[in-house]
Ligand SMILES: NC(=O)c1ccc[n+]([C@@H]2O[C@H](COP(=O)([O-])OP(=O)(O)OC[C@H]3O[C@@H](n4cnc5c(N)ncnc54)[C@H](OP(=O)(O)O)[C@@H]3O)[C@@H](O)[C@H]2O)c1
């Protein structure tokens, strides 16, 4: 049976790169994000194994429907990549509550909802959860209180998930990149920033490791000071 993946944030940037790579590697891929038209265009590009499923990851019922739809179509879930995310940056005193709430809801709660809904299927497949934390999940940064808190949270969630699931052969890794050239940061690809292809190479490396190997997080820093 064809292996299957669910990728959130699949309409852009890192999630799109991961979805493309998994489709190329033979996975059926459920593509999740809010922009339905974008997902349909990407699915058309990727061919018959891609399934667009418009989803707001902050909505528990929508995330459960996403997982149900993927399982109905593919019969299994082997890889889950949680890449949906937003970045609000402002000094704490100027950070409004709406920006705080959205950052925590999309980045952290969205990852929790996806992990919770997919865990039974990952136990069955002895599958793999990949989350997107960040270098910002390993340090504090001026202006980053909401983003830093959300990304530290993603690393903590990923490690707790692993402790609960690893006896069933389920693995989990938080990938923690520095600056990656994507629409989120508005930087074009260059020698000064990490490329989506570097994150994709990390995902492929993780999935190629033998089941005895666990990597709880991978930090991809730039060589620049
Ligand atoms: N770029 C970097 O420098 C960098 C570094 C470290 C970590 N990261 C993390 O990597 C992940 C991907 O970021 P990126 O750089 O690829 O950003 P991006 O290009 O802006 O993509 C963000 C994705 O998240 C989706 N999204 C946002 N809110 C959503 C919601 N409520 N429900 C469902 N999907 C939602 C967006 O799709 P829709 O708008 O269609 O919903 C989009 O597909 C994020 O978690 C980010 O924090 C990025």
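Numbering (our numbering), first residue to last: 2 to 226.
Yeah, the Cβ is synthetic: ideal placement off N, Cα and C, and Gly gets one too.
Ligand 1 heavy atom lying under 7 Å from the CB of residue i
i           : result
residue 13  : yes
residue 2   : no
residue 85  : yes
residue 71  : no
residue 100 : no
residue 135 : yes
residue 35  : yes
residue 183 : yes
residue 57  : yes
residue 178 : yes
residue 203 : no
residue 48  : no
residue 10  : yes
residue 107 : yes
residue 111 : yes
residue 186 : yes
residue 88  : yes
residue 16  : yes
Residue i to residue j span [Cα, whole Å]
i           : j           : result
residue 14  : residue 24  : 16 Å
residue 120 : residue 87  : 24 Å
residue 116 : residue 148 : 20 Å
residue 112 : residue 7   : 12 Å
residue 49  : residue 71  : 14 Å
residue 2   : residue 27  : 11 Å
residue 155 : residue 42  : 30 Å
residue 69  : residue 124 : 15 Å
residue 29  : residue 118 : 18 Å
residue 102 : residue 45  : 34 Å
residue 80  : residue 9   : 11 Å
residue 96  : residue 209 : 41 Å
Sub-8 Å separation of residue i and residue j beta-carbons
i           : j           : result
residue 162 : residue 130 : yes
residue 181 : residue 194 : yes
residue 16  : residue 126 : no
residue 171 : residue 128 : yes
residue 11  : residue 20  : yes
residue 58  : residue 107 : yes
residue 31  : residue 47  : no
residue 136 : residue 179 : yes
residue 90  : residue 141 : no
residue 109 : residue 61  : no
According to DSSP, residues forming a beta bridge with residue i
i           : result
residue 129 : 80, 172
residue 218 : 175
residue 181 : 195
residue 147 : Answer is none; residue 147 lacks a bridge partner.
residue 29  : 5
Neighbourhood of residue i by C-beta distance below 6 Å, restricted to the same chain and skipping five residues each side
i           : result
residue 173 : 130, 159, 162, 163
residue 153 : 138
residue 105 : 151
Beta-carbon proximity list for residue i, same chain, < 7 Å, skipping 5 on both sides
i           : result
residue 225 : 193
residue 190 : 182, 196
Proximity test, residue i beta-carbon vs ligand 2 heavy atom, cut-off 7 Å
i           : result
residue 149 : Absent from the structure shown: ligand 2. Ligands present: ligand 1.
Chain-order list of residues whose beta-carbon lies under 8 Å from that of residue i (same chain, five-residue window excluded)
i           : result
residue 219 : 174, 175, 176, 177, 203, 207
residue 22  : 201, 204, 205
residue 212 : 127, 170, 172
residue 55  : 33, 34, 35, 36, 37, 40
residue 76  : 2, 5
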